[in-house]
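A.B. asks:
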Ligand SMILES: Nc1nc2c(c(CN[C@H]3C=C[C@H](O)[C@@H]3O)cn2[C@@H]2O[C@H](COP(=O)(O)O)[C@@H](O)[C@H]2O)c(=O)[nH]1
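Numbering (my numbering), first residue to last: 3 to 308.
1) Is any heavy atom of ligand 1 found at a distance shorter than 7 Å from the C-beta of residue 189?
2) Strictly by DSSP, which residues pair up with residue 232?
3) Pull up the CB-CB distance for residue 66 and residue 133, whole angstroms please, since I reckon it's below 8 Å.
4) Please find out if some non-hydrogen atom of ligand 1 comes closer than 7 Å to the beta-carbon of residue 246.
5) What does the alpha-carbon distance come out to for the pair residue 17 and residue 264?
6) Thinking residue 254 and residue 176 are a contact (beta carbons under 8 Å), I'd like their distance in whole angstroms, please.
7) Check whether the Cβ atoms of residue 223 and residue 188 sit closer than 8 Å, and answer yes or no.
8) Can you name, in chain order, every residue of its own chain whose Cβ lies under 7 Å from the Cβ of residue 281, other than the five neighbours on each side?
9) Tell me the rounded alpha-carbon separation between residue 147 and residue 205.
10) Distance, Cα to Cα, residue 292 vs residue 219?
11) Mind checking residue 221: buried by the 16 CB within 10 Å criterion, or exposed?
12) What are the boundary residues of the alpha helix (DSSP H) that residue 175 is part of?
13) Please classify residue 70: is it buried, with 16 or more other beta-carbons within 10 angstroms of its beta-carbon, or exposed?
14) Does the pairing of the region 17 to 28 with the region 109 to 116 give three or more beta-carbon distances under 8 Å?
15) Using CA atoms only, rank isn't needed, just tell me which of 201, 183 and 139 is closest to residue 3.
16) Would you say the beta carbon of residue 62 is closer than 7 Å to some non-hydrogen atom of ligand 1?
17) Where does the unbroken alpha helix (DSSP H) through residue 181 begin, and where does it stop?
18) Do you know offhand how far residue 63's Cα is from residue 301's?
19) Tell me whether the region 80 to 90 and the region 41 to 51 touch, counting them as touching only if at least three CB pairs, one residue from each stretch, are closer than 8 Å.
20) May I ask which residues mark the beginning and end of the alpha helix (DSSP H) holding residue 290?
21) Between residue 236 and residue 19, is the Cβ-Cβ spacing less than 8 Å?
22) Under 8 Å: do the region 32 to 43 and the region 244 to 252 share three or more Cβ pairs, one atom per stretch?
23) Quick one: grab the DSSP three-state call for residue 268.
24) Which of the three DSSP states, helix, strand or coil, is assigned to residue 118?
25) Is residue 253 helix, strand or coil when you go by DSSP?
26) Rounding to the nearest angstrom, what Cα-Cα distance links residue 152 and residue 186 in this structure?
27) Just curious, the alpha helix (DSSP H) that residue 306 is in, first and last residue?
28) Taking only three categories from DSSP, how would you classify residue 125?
29) Which residue marks the beginning of the alpha helix (DSSP H) containing residue 195, and which one marks its end?
Structure below.
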């Protein structure tokens with residue numbers, strides 16, 4: 003993911019509202035010297051898994067909808083993962099490409115057993131249709147075919163997903179530069195790798211190329227750990243739960259600086275303790291810390307990308 007790494011580094015070098023505190027970063031790495039926290043994928047036990055192509059279909063649908071839960075304070079990622087799992091257990095054809103193209107908002111709510119409108123519901127439905135349509139048009143309706151065509155390369159998978167599915171093209175303009183963040187496309191590769199334990203559909207020779215997934219939880223954790231520092235205006239806006247517009251300098255910096263900080267953390271771990279860690283592993287640890295901290299104040303942006 004060279005374009006994600008390079009463009010995030012550019013943002014970090016030119017940022018106005020978010021900075022990376024190198025002493026904060028060193029302190030965190032210091033605490034990890036002895037043992038690097040390892041978090042099991044699906045430690046929550048909420049995902050569908052049958053070791054076959056239906057799991058790939060499930061994960062692709064999951065990551066097509068894996069964004070923006072916060073506008074409903076009772077909703078979170080677990081509801082989505084569990085809801086889709088239940089739906090598939092009840093009806094194995096629920097995510098067939100032709101069915102995906104027909105869901106309506108109320109049907110999606112029913113599928114997830116959610117009693118009211120989902121945040122960005124129209125967009126979620128549109129994205130489901132897009133996934134069904136393009137899977138049918140180019141991959142015989144099967145996300146497993148998409149994965150098979152990548153020759154065990156996560157980089158190729160991300161490129162293919164972003165080329166075929168516009169909803170996954172998570173990028174921004176920042177100070178005249180195009181910045182690539184690709185959160186949901188990358189997390190799809192990571193979810194395959196985690197679910198299949200690096201085997202079969204989850205075998206990627208280049209899993210180390212994937213960066214962290216720039217969402218709204220991990221930046222908040224990095225800030226709490228003292229790795230990210232915010233300008234007072236940004237800190238106040240987050241504290242006050244004010245919405246931060248998608249594509250604003252602040253929003254892009256929060257996400258890009260998180261990617262850069264995790265890359266630095268990984269570099270430092272390698273230099274200081276000779277430990278090779280994947281950004282995916284650091285991400286899962288940071289994310290799990292964040293979701294277990296209910297008081298964590300995160301930034302609020304309406305976005306289909308994360
Ligand atoms: N960086 C990063 N962001 C992640 C995840 C995951 C889930 N990964 C699963 C896969 C295997 C594991 O066992 C995890 O369960 C969701 N998110 C993001 O969090 C936000 C939701 O937060 P809340 O509203 O509190 O549920 C939202 O932006 C969502 O897109 C991750 O792993 N890393």
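For every residue, glycine included, the Cβ atom is placed at its ideal position computed from N, Cα and C.
C.D. replies: Put simply:
1) At least one heavy atom of ligand 1 sits closer than 7 Å to the Cβ of residue 189.
2) Partner(s): 20.
3) Under the criterion of beta carbons closer than 8 Å, residue 66 and residue 133 qualify as touching, at roughly 5 Å.
4) Result no, Cβ not under 7 Å from ligand 1.
5) C-alpha separation (whole angstroms): 16 Å.
6) The C-beta distance from residue 254 to residue 176 rounds to 4 Å, short enough to fall under 8 Å.
7) No, the pair does not count as a contact, with Cβ atoms beyond the cut-off.
8) Within the same chain, residue 281 has close Cβ partners 212, 213, 214, 264, 265 and 268.
9) Cα to Cα, the separation comes out at about 14 Å.
10) In a straight line, the C-alpha of residue 292 is about 6 Å away from that of residue 219.
11) Burial call: buried.
12) Looking at the DSSP string, residue 175 is not in any alpha helix (DSSP H); the run it does join, the beta strand (DSSP E), is 173 to 176.
13) Its Cβ being crowded by 16 or more others within 10 Å, residue 70 is buried.
14) Not touching, per the Cβ criterion.
15) The shortest C-alpha to C-alpha distance from residue 3 to any of 201, 183 and 139 is the one to 183.
16) Outside the cutoff, so no.
17) Run containing residue 181: none in the alpha helix (DSSP H); it sits in the beta strand (DSSP E), 179 to 182.
18) Cα to Cα, the separation comes out at about 25 Å.
19) Contact between the region 80 to 90 and the region 41 to 51 is established, with three or more Cβ pairs separated by less than 8 Å.
20) Counting along the chain, the alpha helix (DSSP H) containing residue 290 begins and ends at 281 to 293.
21) Pairing residue 236 with residue 19 gives a Cβ-Cβ distance under 8 Å.
22) The count of Cβ pairs closer than 8 Å, one atom from the region 32 to 43 and one from the region 244 to 252, stays below three, leaving the stretches out of contact.
23) Residue state, collapsed to three classes: helix.
24) DSSP places residue 118 in the coil class of the three-state scheme, outside both helix and strand.
25) Residue state, collapsed to three classes: helix.
26) Cα atoms of residue 152 and residue 186: separation of roughly 17 Å, rounded to the nearest angstrom.
27) Premise fails: residue 306 is in no alpha helix (DSSP H) and is neither H nor E.
28) When secondary structure is reduced to three states using DSSP, residue 125 falls in the helix class.
29) Residues 185 to 197.
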